[in-house]
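Asks: Got a structure for you, written out below as structure tokens; questions coming shortly.
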Amino acid sequence: MTTFDSFFFTVFQHYKPTHKKKANTIALFYISTLQCSLILLSGILLSAFLNEMNSITISSGKAWAFFIMISIFIYFKNWIQYSGKKRAVINVKRNSKKTPQQYNIWLLWFLLFGSIGLSIILLSTVF
272 MTTFDSFFFT VFQHYKPTHK KKANTIALFY ISTLQCSLIL LSGILLSAFL NEMNSITISS
332 GKAWAFFIMI SIFIYFKNWI QYSGKKRAVI NVKRNSKKTP QQYNIWLLWF LLFGSIGLSI
392 ILLSTVF
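Okay, structure coming up:
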């Protein structure tokens, strides 16, 4: 089980008692947004590095189009992975452990907003 699986199930388990039907949607939104923000952050860092090296890279429009395509792929991959039998199988494997890994929900939301904020700051200063 990956780190993102642990993050997904921590968010899912947190919202399951209060939002029974929306818990999976909230957790799916969280994990997809986190993965997209980390892709954006790594793309900005790579672009800044290549810009400093005076390397010829792809245009800004093509880079944003590529990011949008990757984001759509990530969302559908997560939707397929965490909405069916595969989620149930991963959940059983996770619950079969004696002490499953639990993360603080506030730390997870701070990680998401921190990566988005850092991406915005780097995007505004680099370009």
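Be aware that the sequence shown starts at 272, since it is given in my numbering, and climbs by one per residue. Virtual Cβ for every residue (Gly too), placed ideally from N, Cα, C.
When the Cα atoms are used, what is the spatial distance from Lys357 to Leu309?
Replies: Each residue's CA atom was taken as its position, placing Lys357 and Leu309 some 24 Å apart.
Asks: Just to confirm before moving on: does the CB-CB distance between His285 and Ile376 stay below 7 Å?
Replies: yes
Asks: Given a threshold of 16 other Cβ atoms within 10 Å of its Cβ, counted over all protein chains shown, does Ser303 qualify as buried or as exposed?
Replies: So Ser303 counts as buried.
Asks: Quick one, are the C-beta atoms of Phe279 and Ala298 less than 7 Å apart?
Replies: Taking 7 Å as the cut-off, the beta carbon of Phe279 is found closer than this to the beta carbon of Ala298.
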